[in-house]
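Anchor point for the sequence shown: position 182 equals 249 in the working numbering, and the numbering is continuous, going up by one each time. We treat Cβ as the ideally placed atom computed from N, Cα and C, and that holds for glycine.
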Amino acid sequence: MPIEEKAAPKPAKLRVGIVGTGGIAHAHMKAYVEMDDVEIIGGSDIVPGKARKFLDEFGLTDVPDFEDNDKLFALKPDGVSVCTYNTTHHVCAVAAMEAGIHVLCEKPMSVTLDQAVQMARAQKATGKILTIGFQPRYDANMRMVKEIVRSGALGKVYYVQTGGGRRRGIPGGTFVNKEQAGVGCLADIGCYGLDMALNSVGYRKPVTVSAYASDLFGKNPKYFQGDFTVDDFTCALIRFDDGLVLDFRMSWAMHMDTMGDTLFLGTDAGLKVKSPNPHLNWGGAWDGSIGDVYLYSDVCGNQVETRVPLKSSEKRDNFAAKVRAFLDAVRDGGESPIPWQEIIYNQAIIDGIIRSSEARREVEVVIPEI
Ligand SMILES: NC(=O)c1ccc[n+]([C@@H]2O[C@H](COP(=O)([O-])OP(=O)(O)OC[C@H]3O[C@@H](n4cnc5c(N)ncnc54)[C@H](O)[C@@H]3O)[C@@H](O)[C@H]2O)c1
68 MPIEEKAAPK
78 PAKLRVGIVG
88 TGGIAHAHMK
98 AYVEMDDVEI
108 IGGSDIVPGK
118 ARKFLDEFGL
128 TDVPDFEDND
138 KLFALKPDGV
148 SVCTYNTTHH
158 VCAVAAMEAG
168 IHVLCEKPMS
178 VTLDQAVQMA
188 RAQKATGKIL
198 TIGFQPRYDA
208 NMRMVKEIVR
218 SGALGKVYYV
228 QTGGGRRRGI
238 PGGTFVNKEQ
248 AGVGCLADIG
258 CYGLDMALNS
268 VGYRKPVTVS
278 AYASDLFGKN
288 PKYFQGDFTV
298 DDFTCALIRF
308 DDGLVLDFRM
318 SWAMHMDTMG
328 DTLFLGTDAG
338 LKVKSPNPHL
348 NWGGAWDGSI
358 GDVYLYSDVC
368 GNQVETRVPL
378 KSSEKRDNFA
388 AKVRAFLDAV
398 RDGGESPIPW
408 QEIIYNQAII
418 DGIIRSSEAR
428 REVEVVIPEI
């Protein structure tokens, strides 16, 4: 008798929705539609017709569109990507979690610390997964930098400088509008610089921020045409509770190729991560790709500079990796891949930079009990 072949049970698909169907939602959707275990169940956008057009672009003509996120949430997706502009991340993420839905929220977490606290409290109260979309975390060389810094090879790290920045790289659209973006280059690419430095050295509590921010290029028609109501350059000195100091710089536009390399100074060795492509107008920001890496140390009394070989230059799809990490956590009931418990510090620094640059003095950072 032939043994009856039993088909292996097909795992149920993860039901996913997209909130905010603008630019970056396309990258989320591209990743989702390529995954076998995902079913897109809806999309929403406050702009009438925008979610419909977006879903149709992906051939999802039968998938419903909404202008009201609650109607999407009523379909009980397992997870949603929150791809709205920065000032509405907290509103959408909190509402989704309160409706029982896991959330992959685009970076930055929010604009203000207060908004991030609302998100963190909602996560704690609902137990849903909340992960923030920093895809450079999945880059092989970024992981290597973190591994070196965390290995202890540098000794005690007492100073970090995040460099980079764009020479001419002011984006348009909602990025330059304060009501929608909240902040400019600080939120757009600054949050990456902070994450890449602090994820490497280990997130810890910031206590003071002294910052400067300007809009001299965005407001100058020679360099940008249109309404510009955010920052295009920012720098700050951030002190942490254990004595670590972070020297942060970021720019969308300046008369310079780079604001410097990224440096980790330790008691036993130092690590330099060169700006990736400072000769390119958009290329110098530490927003995912990294340049050459050098380790500075003493060997038998000699001062040595060692070039650390980079991992394969083959481009991995870091964006797909961040979406997959979210889905795996949803499917397996796992931990948030990039949790608020880390990113709340990133957001507290951004909030401190906004307050300090407006007040033109150092400010304290106080993170409320979550
Ligand atoms: N990870 C990355 O590489 C990357 C790249 C670009 C942008 N981003 C981030 O993605 C977010 C969106 O950027 P974008 O370029 O797609 O902006 P966008 O303006 O093109 O799209 C945002 C969309 O959200 C919609 N929206 C706003 N509030 C809403 C609400 N309450 N409910 C439903 N829809 C709402 C808007 O109508 C718009 O269509 C930003 O936070 C940005 O920082 C991330």
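Taking 8 angstroms as the cut-off, is the beta-carbon of residue i closer than that to any non-hydrogen atom of ligand 1?
i    : result
I405 : no
S111 : yes
N208 : no
T198 : no
D335 : no
C150 : yes
G84  : no
C159 : yes
Q440 : Any question about residue 440 goes unanswered here, given that the chain covers just 68 to 437.
P345 : no
I91  : yes
T275 : no
N348 : no
D137 : no
N266 : no
N153 : yes
F386 : yes
V312 : no
F393 : no
D255 : yes
K64  : In the structure as shown, the chain begins at 68 and stops at 437. Residue 64 is therefore absent and cannot be evaluated.
E173 : yes
G293 : no
Q414 : no
Q408 : no
Q247 : yes
G442 : Given a span of 68 to 437 for the chain in the structure shown, any question on residue 442 remains unanswerable.
T88  : yes
F242 : yes
A94  : yes
K390 : Looking at the sequence itself, residue 390 is Val, so the reference to Lys does not match. No, Cβ of V390 sits at least 8 angstroms from all heavy atoms of ligand 1.
V114 : yes
Measuring CB to CB, does residue i end up less than 9 angstroms from residue j?
i    : j    : result
E124 : V149 : no
S318 : C252 : yes
G368 : K341 : no
S111 : D135 : yes
G167 : K138 : no
V227 : L311 : yes
R383 : A207 : yes
L512 : I416 : An answer regarding residue 512 cannot be provided, because it is not within the stretch 68 to 437 covered by the chain.
Y290 : A320 : yes
G89  : G240 : yes
N413 : L261 : yes
G269 : V243 : no
N266 : K213 : yes
G231 : G327 : yes
T329 : G257 : no
D132 : A118 : yes
G84  : I108 : yes
Excluding the five sequence neighbours on either side, which residues of its own chain have a C-beta within less than 7 angstroms of the C-beta of residue i, listed in chain order?
i    : result
D324 : R234, P345, H346, G351
T151 : V86, G87, C159
E246 : T154
M211 : K378
D49  : It is not possible to answer for residue 49, since the shown part of the chain is limited to 68 through 437.
I437 : V184, A187, R188, K191
A392 : P404
I113 : E134
E165 : A189, T193
Using C-beta distances below 8 angstroms, list every residue in its chain close to residue i, excluding the 5 sequence neighbours before and after it, in chain order.
i    : result
A94  : F386
V397 : L81, D145, G146, H169, I196
Y259 : K174, F201, P203, A352, W353, D354, G355
T229 : G260, L261, M263, A264, L313, D314, F315, R316, M317, T329, W353
V390 : H95, A98, Y99, M102, S148, L171
Y225 : G310, L311, V312, L332, G333, T334
Using a Cβ-Cβ cutoff of less than 6 angstroms, which residues in the same chain neighbour residue i once the five nearest sequence positions on both sides are dropped?
i    : result
Q182 : H157
T179 : D418
T198 : L171, F393, S403, P404, I405
R374 : Y361
TODO: Could you tell me whether the segment 427–435 touches the segment 271–287, where touching means 3 or more Cβ pairs closer than 8 angstroms?
DONE: yes
TODO: Assess, as a yes-or-no matter, whether the segment 398–414 is touched by the segment 184–191 under the definition of 3 or more beta carbon pairs within less than 8 angstroms.
DONE: yes
Open item on the list: Three or more C-beta pairs under 8 angstroms: does that hold for the segment 293–304 against the segment 327–341?
Closed with: no
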